[in-house]
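So the protein sequences, as listed, match chains A and B.
To convert, note that position 137 of the first sequence is 136 in numbering that gives the first Met the number 0; the numbers rise steadily by one, no gaps.
To convert, note that position 80 of the second sequence is 79 in numbering that gives the first Met the number 0; the numbers rise steadily by one, no gaps.
Backbone N, C-alpha and C fix where the C-beta goes; we use that ideal spot for every residue, glycine too.
Below is one structure; the comments refer to it alone.
Number of protein chains: 2
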Amino acid sequence: MRLFRALLRTLNHLRQVTEPYYSSHGISGPQWGVLRTLHRAQVEGTKSLRLTDLGERLLIRPPSVTGVVDRLERMGLVRRVPSKADRRVRELRLTGEGRKLVARVLTRHSSYVRSLFDGLTLREQEYLRGLLDRLDAHFTVFAGHRRNDVPAGPAKT
Amino acid sequence: MRLFRALLRTLNHLRQVTEPYYSSHGISGPQWGVLRTLHRAQVEGTKSLRLTDLGERLLIRPPSVTGVVDRLERMGLVRRVPSKADRRVRELRLTGEGRKLVARVLTRHSSYVRSLFDGLTLREQEYLRGLLDRLDAHFTVFAGHRRNDVPAGPAKT
DNA sequence: GCCATATGTTTAGTGTGCGAACGAAATTAT
DNA sequence: ATAATTTCGTTCGCACACTAAACATATGGC
Chain A
0 MRLFRALLRT
10 LNHLRQVTEP
20 YYSSHGISGP
30 QWGVLRTLHR
40 AQVEGTKSLR
50 LTDLGERLLI
60 RPPSVTGVVD
70 RLERMGLVRR
80 VPSKADRRVR
90 ELRLTGEGRK
100 LVARVLTRHS
110 SYVRSLFDGL
120 TLREQEYLRG
130 LLDRLDAHFT
140 VFAGHRRNDV
150 PAGPAKT
Chain B
0 MRLFRALLRT
10 LNHLRQVTEP
20 YYSSHGISGP
30 QWGVLRTLHR
40 AQVEGTKSLR
50 LTDLGERLLI
60 RPPSVTGVVD
70 RLERMGLVRR
80 VPSKADRRVR
90 ELRLTGEGRK
100 LVARVLTRHS
110 SYVRSLFDGL
120 TLREQEYLRG
130 LLDRLDAHFT
140 VFAGHRRNDV
150 PAGPAKT
């Protein structure tokens, strides 16, 4: 249980330390989630995502997706493109400006993050990562069993 | 950097896994933050907290504290009590019902959390906690230096 | 053609957060 | 003592994100 609290505490620090890097550009948390996800998809070879997929990845409902994307589109960071295969679908992709912003945030951010982990030796960092990976695998197995123990709540604030 | 992502991933899982335990009672994240903080203070011997202190612990501004506490008070989980020492101050304390709810959430929750960590041996759990503690100490030192590198953003969503 | 399903939007309502401005009380300076 | 400043909590006005429900449009199985 103390381990649990240690993990949560570390998370809060990480969150807090991360947040200014996009918020200083006038980007909110959920908005950054969308940009990051799009960027990631692009790196992995997918240039655009359907709004539904985006919502599934970010664990938010369709109306929320519409709202967040609306704001990002108004800022010119993202564009809705009608799909040719399915006329109901509107694919989302980063504009040039959007790509530029994500890149800028990520580089400044990652150099900072690297320095954050100076507190541990490389060996320790690797070991830590290993432990987290195992913990995580265990979680996902567990999550499968849980499912119905507890009624699902609203959003993941 | 992969370590950073591993941490965030693990912690997101934890968050997700934690959240239903209070949200199923109609309690939101910030609201649970208040309840947990009050409960914790109580365990440590302080029966009530000033609203300002609460805001500082939760990293939210006074108007936000007022709002969250209003809702909790309307639910009857919490009570504002005028301070005798300082007539500006209104101390916050859990009602009987509030205490009951926190207890219920915590017991169900903590037994679940314990089982989550089964994936690691006790030795590994201890070691992991040590690493996190050191990382955390390093973070806070670092945070002190940072302060002015990046313009402060709005809230910590 | 017909009906169930999928996609994304709109609407209405709630919760959370901020800054600015405020009254009341306490503290400090004069 | 009196005046100026600070502290505490609130209210107001605004922005954002989320939900559930209802909806238009498009797709695909029958």
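Neighbours of residue 52 (chain B) across chain A, judged by C-beta separation under 8 Å, do not exist; the nearest C-beta is about 18 Å away. In terms of Cα proximity to residue 132 (chain A), the closest of B:138, B:126, B:119 and B:132 is B:119. In this structure, residue 8 (chain B) and residue 52 (chain A) do not form a Cβ contact; the two beta carbons are roughly 19 Å apart against a cut-off of 8 Å.
The C-beta of residue 102 (chain A) comes no closer than 8 Å to any C-beta of chain B. Taking 7 Å as the Cβ-Cβ cut-off, the region 27-43 of chain A approaches chain B at 27 and 28, given in chain order. As a beta-bridge residue in DSSP terms, residue 92 (chain B) pairs with B:78. Listed by position along chain A, the residues whose Cβ is nearer than 9 Å to that of residue 75 (chain B) form an empty set, because the closest Cβ is around 21 Å away.
Excluding five sequence positions before and after residue 124 (chain A), the CB atoms of its chain that fall closer than 7 Å to its own CB belong to 116, given in chain order. DSSP, reduced to helix, strand and coil, places residue 122 (chain B) within a helical segment of the structure shown. Among the CB atoms of chain B, one or more fall inside 8 Å of the CB of residue 118 (chain A).
Under DSSP, the beta-bridge partners assigned to residue 49 (chain B) are B:90. In the structure shown, residue 18 (chain B) adopts coil according to DSSP, grouped into three states. The region 96-116 of chain B makes contact with the region 9-23 of chain B, as at least three CB pairs between them are under 8 Å. DSSP places residue 83 (chain A) outside both helix and strand once states are collapsed to three, so it counts as coil. Straight across, the Cα-Cα distance linking residue 126 (chain A) with residue 4 (chain B) is about 15 Å. Fewer than three Cβ pairs drawn from the region 51-65 of chain A and the region 97-107 of chain A lie within less than 8 Å of each other, which leaves the two stretches out of contact. In the assembly as shown, residue 82 (chain B) is an exposed residue. Its beta-carbon has fewer than 16 other beta-carbons within 10 Å. Within the region 57-69 of chain A, the residues whose Cβ lies closer than 9 Å to any Cβ of chain B are, in chain order, 58.
With a threshold of 16 other beta carbon atoms within 10 Å, residue 97 (chain B) meets it and is buried. Distance from the CA of residue 1 (chain B) to the CA of residue 128 (chain A), rounded to the nearest whole angstrom, comes to 8 Å. Contact between residue 48 (chain A) and residue 93 (chain A) does not hold, since the beta-carbon distance rounds to 10 Å and is not under 8 Å. In this structure, the beta-carbon distance from residue 76 (chain B) to residue 34 (chain B) falls below 8 Å. Where residue 63 (chain B) is concerned, the enclosing alpha helix (DSSP H) starts and stops at 61-73.
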